[in-house]
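Below: one structure, written as structure tokens.
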Amino acid sequence: MAAAACLTGEGTADQATSLSELLAVRAREKGEVPLFSWWDDKRGAVELGRQLSYASVELLAARVAWRLANREGVGVGDRCVLVYEPCLSFVVAFLGCGRRGCVAVPVFPPEPRKKFTAELGAFVSICGSCDARFALTSTAYGWAKKAGALAASAASVFGPRGVAWPESLKWIVCDADLGKKGDGLPHGPVDGPHANVAFLQYTSGSVSGSTSEPKGVVITHASLTHNLTLIVSELKATEKTVCVSWLPQYHDMGLIGSYLGTLRCGGSGFYASPFTFVKRPACWLEAIAKFRGTHMQAPNFAYALSTRKPPAARLDLSCVEHMIDAAEPVDKGALDAFVAFYGREHGLPENVVFPTYGLAESTVMVTCNGAAAARVDGDALRADGLVVEAANGEWLVGCGAPRADAGVDVAIVSNCGDDDDGPKKRLGEGRVGEIWVSSPSTAAGYWNRDCDGEFRAELVDGTGGPWLRTGDVGFLLRGELFVCGRLKDLVILRGKNHYPQDIERSVERAAPESLRPGCVAAFSVDDGGEERLVVLAEVRDDDAAQRRRRGLAAREGPDGALGYGALAELVANAVAAEHGAAVDALVFLKPRTIAKTTSGKIARKRCKAGHAAGSLKVAFAANLRDGAAPPTDETTRLVASQPRAAGADGAVAAGGVLADLATELALLARRPADSIRATQPLVDSGIDSMDLAQFKGVLEAKFGCAGLPDDLLFRDDTTLLALAKVVEAGGAFDEAGFANIGRSLEIDRSHASSKKSDFMVDNCPCCLVCCPSKLR
1 MAAAACLTGE
11 GTADQATSLS
21 ELLAVRAREK
31 GEVPLFSWWD
41 DKRGAVELGR
51 QLSYASVELL
61 AARVAWRLAN
71 REGVGVGDRC
81 VLVYEPCLSF
91 VVAFLGCGRR
101 GCVAVPVFPP
111 EPRKKFTAEL
121 GAFVSICGSC
131 DARFALTSTA
141 YGWAKKAGAL
151 AASAASVFGP
161 RGVAWPESLK
171 WIVCDADLGK
181 KGDGLPHGPV
191 DGPHANVAFL
201 QYTSGSVSGS
211 TSEPKGVVIT
221 HASLTHNLTL
231 IVSELKATEK
241 TVCVSWLPQY
251 HDMGLIGSYL
261 GTLRCGGSGF
271 YASPFTFVKR
281 PACWLEAIAK
291 FRGTHMQAPN
301 FAYALSTRKP
311 PAARLDLSCV
321 EHMIDAAEPV
331 DKGALDAFVA
341 FYGREHGLPE
351 NVVFPTYGLA
361 ESTVMVTCNG
371 AAAARVDGDA
381 LRADGLVVEA
391 ANGEWLVGCG
401 APRADAGVDV
411 AIVSNCGDDD
421 DGPKKRLGEG
431 RVGEIWVSSP
441 STAAGYWNRD
451 CDGEFRAELV
461 DGTGGPWLRT
471 GDVGFLLRGE
481 LFVCGRLKDL
491 VILRGKNHYP
501 QDIERSVERA
511 APESLRPGCV
521 AAFSVDDGGE
531 ERLVVLAEVR
541 DDDAAQRRRR
551 GLAAREGPDG
561 ALGYGALAEL
571 VANAVAAEHG
581 AAVDALVFLK
591 PRTIAKTTSG
601 KIARKRCKAG
611 HAAGSLKVAF
621 AANLRDGAAP
631 PTDETTRLVA
641 SQPRAAGADG
651 AVAAGGVLAD
661 LATELALLAR
671 RPADSIRATQ
681 PLVDSGIDSM
691 DLAQFKGVLE
701 AKFGCAGLPD
711 DLLFRDDTTL
721 LALAKVVEAG
731 GAFDEAGFAN
741 IGRSLEIDRS
751 HASSKKSDFM
761 VDNCPCCLVC
771 CPSKLR
């Protein structure tokens, strides 16, 4: 009855049971009031782009639904993957799928012009997992995909190990400006086997984890409605709410928290690409001030980055009411620095930034409005599972208390380790265990998987539940939830989740002749509030491996270490290319010395402890950032030694451009300038994707470059020398001219990985907000 009332003009937003019903109510109430607006950063200034009102979003979504049903053959319950670059067309297509009754599957957009990416392989796995028959995309992405396919065919780049786009998918272009027709379809859930499924949110899973096993979290209309109601209540969001966001559209915090949350409360949202924020973090704060933003969400690294790279001019941030700090462990030092700086310099009100915890398996939010902080004895916490407050201990922050009045309960549970099958007991305050959640927001499970052990777990005393096992470790203290780790190893770098086994496989593939298989460990270490990536790898000791290293040494010049320096560079470049992450420390161990469990698995915690204690059997160690780097060739040293010369007008003269570019990039990447090769593609240089994205902002702001494509620094032919030629020519970018530059220059591909980084994944959406399974 409530749903019918929503559609006949008598219902309210609180009575809506689906997004389509909610949108129908809001369109009737708000009409031409802007709902979704797009903004961009043009030459250092925030500019407003396209705006869609409540009424226009309702109409466009109806047109998408009409087209899917009447022209494309999309049936009720069919899965449709949404493959879009960041744009408003994505959210229109998402809402249109809901109105049609098909199941939307938001996914990352693999870079369409690359000949092979690991992310394309993951995309293929997702399509197979949910048996998707249709792919919705934009005109721009569809064109780029076709152009990339033609180039790939001409070059015959798909070898026996290659991965191609799924042939079973029917691609449908759905922009936010479709044709005229758009009525005659019901709103919200329709009859059928998947009537209650709102969409699938893909994740690597709550307890187990590897990107090779994508799992589709089944978000139902009921769980989504409950979670949106919880979000609006916790954030005190109203029709006056103004959201300013750059978060990925296809992960939980961006899609649900930023877009759908705005629709639920009846406010207005202003959105940008994640890449826009990365290349110039200050633009986010400038957009908040310009659009008078009240509610924002971002991962912890974004607050730290915004403090390090602040706006040039004074802003008025007095409009801010609530900012979520989530998507990765919250560092109290970074949070305090952000609040102190922007409060003092830009008028940010007190007590408006709140740690939050959640995960896709609970739709998105579990607890919010963290206000507590505790200083605890780290040894007691890790060794004994006890919270002992200590004056000189480690700071941890609370993520808020569970809302019992909304049906949300959190239990801290014992005996949840890998090898402990004992009874699962609820622990009291101050005891560390696995976080279990019971909530109406809990998803229905994983698509086509038996997941009772994770989504319907039971306590030994049978109380509460059904319980969702999160795979996170934490404790309750003074009523608030504190999150302090994962049951499974996880590496979180700049907001992006990396499963260590995936990095370890990349290291093994990079140099199979030199490294022992199954003898690589990857983990992160805290360095003053920032996580750094450390890789340990055992070297082979056979004659072939010795000859291989001597060959590497001969190529780079004598280094007295049998080519370990060049081997380290090769491994670091592979990790950067495949994961968008920079290796900070790479340690080659003597054979048969890496720590393993009795079953032969890598014991990462023992490896990490040995690294910290200096007790490893080291063959060669390279500190690849903030210190010594592997030896490099003479070309690199020439780059760093070029004099800097300025012309009469203050512009950088030709003789010093290359050196200046190397210096700026080295500062961003925190590595010696002479480790950057002038003729090597930047994607093969071992520099992580976020630093390359920020370097584009430097090229625009400091070197006057205009019209640079977002993917320029991630192309196979973009070198530091080529960029210097662009600057020397005046900075105006031209595709044909850049192609001519590339043809005229020698490109060093000797350190290239067999796989390349994925621009749209590593530098746009995913690298910033981690895996969709976690919202810490």
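Residue numbers (the UniProt record's numbering): 1 to 776. Ideal Cβ positions, reconstructed from N, Cα and C, are used throughout, including at glycine.
Item: Secondary structure of A371, DSSP reduced to three states; Value: coil
Item: Cβ-Cβ separation, V525 to F588 (assumed contact under 8 angstroms), whole Å; Value: In fact, because the Cβ distance is near 18 angstroms, the residues do not count as touching under 8 angstroms.
Item: Span of the beta strand (DSSP E) around V353; Value: V353 to P355
Item: Beta-carbon separation (whole angstroms), V242 vs G266, contact threshold 8 angstroms; Value: Going by Cβ atoms, the distance from V242 to G266 rounds to 12 angstroms, so no, they are not a contact pair.
Item: Within 7 angstroms, strictly: CB atoms of C705 and I594; Value: no
Item: Residue span of the alpha helix (DSSP H) that contains F249, given as start and end; Value: Residue 249 is actually Gln in this sequence, not Phe. It is not in any alpha helix (DSSP H) - Q249 carries neither H nor E in the DSSP assignment.
Item: Under 7 angstroms between C-beta atoms of V352 and H322; Value: yes
Item: Three-state secondary structure assigned by DSSP to W165; Value: coil
Item: Beta-carbon separation (whole angstroms), I412 vs R426, contact threshold 8 angstroms; Value: 7 angstroms
Item: Touch test, the region 78-92 against the region 55-65, Cβ-Cβ under 8 angstroms, three pairs minimum; Value: yes
Item: Sheet register partners of P299 (DSSP bridge); Value: A326
Item: Exposure label - N227; buried when at least 16 CB within 10 Å; Value: buried
Item: Sufficient close CB pairs (3 or more, under 8 angstroms) joining the region 737-748 to the region 662-673; Value: no
Item: Whether V726 touches W447 by CB criterion (7 angstroms); Value: no
Item: Residue burial classification, W284 (beta-carbon count within 10 angstroms, cutoff 16); Value: buried
Item: Anticipated Cβ contact below 8 angstroms, F523 with R604, distance rounded; Value: 5 angstroms
Item: Contacts around I256, its chain only, beta-carbon distance under 6 angstroms, and the 5 residues preceding and following it disregarded; Value: V364
Item: Residues near R494 by beta carbon distance below 6 angstroms, same chain, minus five either side; Value: F301 and M690
Item: C-alpha distance - E700 paired with L708, whole-angstrom precision; Value: 8 angstroms
Item: Start-to-end residues for the alpha helix (DSSP H) that takes in I747; Value: I747 -> no alpha helix (DSSP H), and no H or E assigned at all.
Item: D710 to G254 span [Cα, whole Å]; Value: 21 angstroms
Item: DSSP-derived helix/strand/coil call for Q501; Value: helix
Item: Among L88, G462 and A444, the one whose alpha carbon lies nearest that of E454; Value: A444
Item: Identity of the residues DSSP links to N623 by a beta bridge; Value: A585
Item: A609 burial status per 10 Å Cβ neighbour count (16 or more: buried); Value: exposed
Item: Contact belief for G358 with E350 at Cβ below 8 angstroms, rounded distance in angstroms; Value: Incorrect: roughly 25 angstroms between the Cβ atoms, too far for contact.
Item: Per DSSP, the bridge partner or partners of Y202; Value: G216
Item: Same chain, Cβ closer than 6 angstroms to Y202, five either side skipped, listed in chain order; Value: I126, P214 and G216
Item: When L536, L386 and G75 are compared against L477, the one with the closest alpha-carbon; Value: L386
Item: Which of helix, strand or coil DSSP assigns to F134; Value: strand
Item: Those residues which DSSP pairs with L533 across a bridge; Value: S524 and V583
Item: Rounded straight-line distance, which links the Cα of D175 to that of F341; Value: 41 angstroms
Item: G580 versus D325 - alpha carbon distance; Value: 23 angstroms
Item: Residue interval of the beta strand (DSSP E) (run including I172); Value: K170 to V173
Item: Beta-bridge pairing of P34 - partner residues as DSSP gives them; Value: S53
Item: Distance between W436 and F475 (C-alpha atoms, nearest Å); Value: 11 angstroms
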